[in-house]
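Position one of the sequence shown corresponds to residue 5 (this note's numbering), numbered consecutively onward.
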Amino acid sequence: MSGKRYCTLHPSETALGDEFNYGNMLIKRKPLTHEPKHTRGMAGIFESYLKAGIFPEGSRLIGNYLEHTLIKDGKEETAGRFLGMVFPDGSYQYLRLEGESVGVEKRKLIPPQEIVILTDTCLFCASNATATLGTGERVSIVAPRSRITAPIKELCVSERLCYYEMDAIARLTDLICAMKGGNAAYRKAIVAMPTVEYYFYLMGAYNKGFVEKGMMIEWIAGVNRHAEKIVNAIRKRIGLTVEVCQPLNAVEPYIRDRVRQGKPADFETVKDILASGTRLWKEVLSITHPRDWKDLNYTNYAVAVLESASVTGNENRLTIDIENPSEQRILRSAAKIARNLAPRGYGTEFRAIGIYPHEKVFIPEGTECGPSFPRLYYLEEGQGGKEGHYRAILEANRRKA
5 MSGKRYCTLH PSETALGDEF NYGNMLIKRK PLTHEPKHTR GMAGIFESYL
55 KAGIFPEGSR LIGNYLEHTL IKDGKEETAG RFLGMVFPDG SYQYLRLEGE
105 SVGVEKRKLI PPQEIVILTD TCLFCASNAT ATLGTGERVS IVAPRSRITA
155 PIKELCVSER LCYYEMDAIA RLTDLICAMK GGNAAYRKAI VAMPTVEYYF
205 YLMGAYNKGF VEKGMMIEWI AGVNRHAEKI VNAIRKRIGL TVEVCQPLNA
255 VEPYIRDRVR QGKPADFETV KDILASGTRL WKEVLSITHP RDWKDLNYTN
305 YAVAVLESAS VTGNENRLTI DIENPSEQRI LRSAAKIARN LAPRGYGTEF
355 RAIGIYPHEK VFIPEGTECG PSFPRLYYLE EGQGGKEGHY RAILEANRRK
405 A
């Protein structure tokens, strides 16, 4: 892939070859006849989900899949496979079906009486929530590797949804709408929108005195407004009852009170509040032992899965975690925690699977955004491009979101 051409995974798109570099990722498009062991596994899960009503009758395979490959120490390492599918409504997706599940055998799935969708997306992207430090350096507040090493002079938090957020909203809700079809077992969606988690993005800097009280209050308000926009967009698009899940709710009053007083928030106090709130939090914290705000966020994401996947009172209830591919690790973590809870006599069982839709648009080489996947997360708003399926998808996402 070269030059200024923007490409997508649309079945009629021919600009992408069968093997291409995308940032720091090598992506190979392979026919389902390639590497029979892997393709049988993916196709077997697809057939199981089709028979169980997870996918509607009439869903079919495109006939190929995407394989992500990272180069580590000079060697190729497979990072994930995404199966191409077309739904009865004509929409298409490349889906990650492999990976962890909790309490079920994916290849022998029993048709559930009740299906609950669990979904969410990141707030902001690397470029629309930034801080200018006293040194003059401009850093992203939310990018994974960003570090705030000096007092913040100014916050710049966009009120607009970025391309990444619009893409995630549209892609996830398109998939939910296509999957539920006419299956009455799909009852509701739980949106685990991260709000308190995003307060924590600045908490370490706030405790060091790098963030003024007024800025922290401004950040908290901006996070809540942004989350509300995304929840409302999801609610309007999917045609299901929507509940909001926030396992960190118990500590929000404490965080707000400390900020209101201009005092630091104590990490150990936050953990104590959570542990005294529910038995699940108490048990999980004793398993994960989070050491800082970032660790606590990862633990919280797993707790959201476990809370949503509880089958107490309905053993034939299934939760489907539908999120961006970068969030697959959350279900892995939840599955590991569930295995550790079992011998403790916790008394609650969990049933969950994960389905992760691949992003559909590719940013051309030469565009100024980071090499990490997904590159759309690092695309600045003025870099949208004007041609091909790429622009059409962005505009469709804008209308939907």
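Heads up, the beta-carbon is just placed ideally off N, CA and C, and yes, glycines get one too.
Between Gly103 and Phe354, the C-beta spacing is not below 7 Å.
Distance from the Cα of Lys298 is smallest, within the candidate group Val146, Asp124, Met219 and Glu23, for Val146.
By the 16-neighbour rule on beta-carbons within 10 angstroms, Pro148 is exposed.
Counting the other CB atoms within 10 Å of its CB gives Ala56 a total of 16 or more, which places it among the buried residues.
Nearest C-alpha to Val365 among Arg151, Asp171 and Lys275: Asp171.
Collapsing the DSSP output to three states places Pro40 in a helix. In the three-state scheme derived from DSSP, where H, G and I count as helix and E and B as strand, Thr199 is classed as coil. Per the C-alpha coordinates, the member of Lys240, Ser144, Tyr305 and Tyr167 positioned closest to Glu158 is Ser144.
Judged by DSSP secondary structure, Ile242 falls within the alpha helix (DSSP H) whose first and last residues are Lys217 to Ile242.
Ser314 is bridged by DSSP to Phe354. The beta carbon of Arg85 is closer than 8 Å to those of His42, Met46, Tyr69, Leu70, Glu71, His72, Arg100 and Glu102 in its chain, skipping five residues each way along the sequence. Distance from the Cα of Thr282 is smallest, within the candidate group Glu272, Ile259 and Val307, for Val307. In the structure shown, Pro294 falls within a coil segment according to DSSP collapsed to helix, strand and coil.
Taking all protein chains in view, the Cβ of Gly226 is crowded by 16 or more other Cβ atoms within 10 Å, so the residue is classified as buried.
For Tyr258, the CB contacts under 8 Å within the same chain, skipping 5 residues up- and downstream, are Ala269, Thr273, Val274 and Ile277 in chain order. Between the segment 237-249 and the segment 181-199 there are three or more C-beta pairs closer than 8 Å, enough to call the two in contact. In the DSSP assignment, Glu256 falls within the unbroken alpha helix (DSSP H) covering Glu256 to Arg264. DSSP places Val274 within a helical segment (H, G or I) once states are collapsed to three.
Under the three-state reduction of DSSP, Gly208 is assigned to helix.
If you draw a 10 Å sphere on the C-beta of Gln97, you find 16 or more other C-beta atoms in it, and that means buried. Membership of Cys160 in the beta strand (DSSP E) is indicated by the continuous run Ile156 to Val161.
Partner residues in the beta bridge of Glu81, as assigned by DSSP, are Leu74. Looking at Trp223, Glu23 and Cys126, the one whose alpha-carbon comes closest to that of Pro35 is Glu23. Judged by DSSP in its simplified three-state form, Asp171 adopts helix. Distances from the CA of Phe59 to each of Ile173, Ile324, His293 and Leu206 were compared; the closest alpha carbon is that of Ile324.
For Ile119, no alpha helix (DSSP H) segment is defined; the enclosing uninterrupted segment is the beta strand (DSSP E) at Glu118 to Thr123. Per the DSSP secondary-structure output, Thr323 pairs in a beta bridge with Val120 and Ala356. Residue environment analysis places Glu363 among the buried positions, since at least 16 neighbouring C-beta atoms fall within 10 angstroms of its C-beta. In the structure shown, Ala193 falls within a strand segment according to DSSP collapsed to helix, strand and coil.
By the 16-neighbour rule on beta-carbons within 10 angstroms, Asp296 is exposed. An exposed status is given to Pro347, since fewer than 16 other beta-carbon atoms sit within 10 Å of its beta-carbon.
The C-beta distance from Ala237 to Ile173 rounds to 5 Å, short enough to fall under 8 Å.
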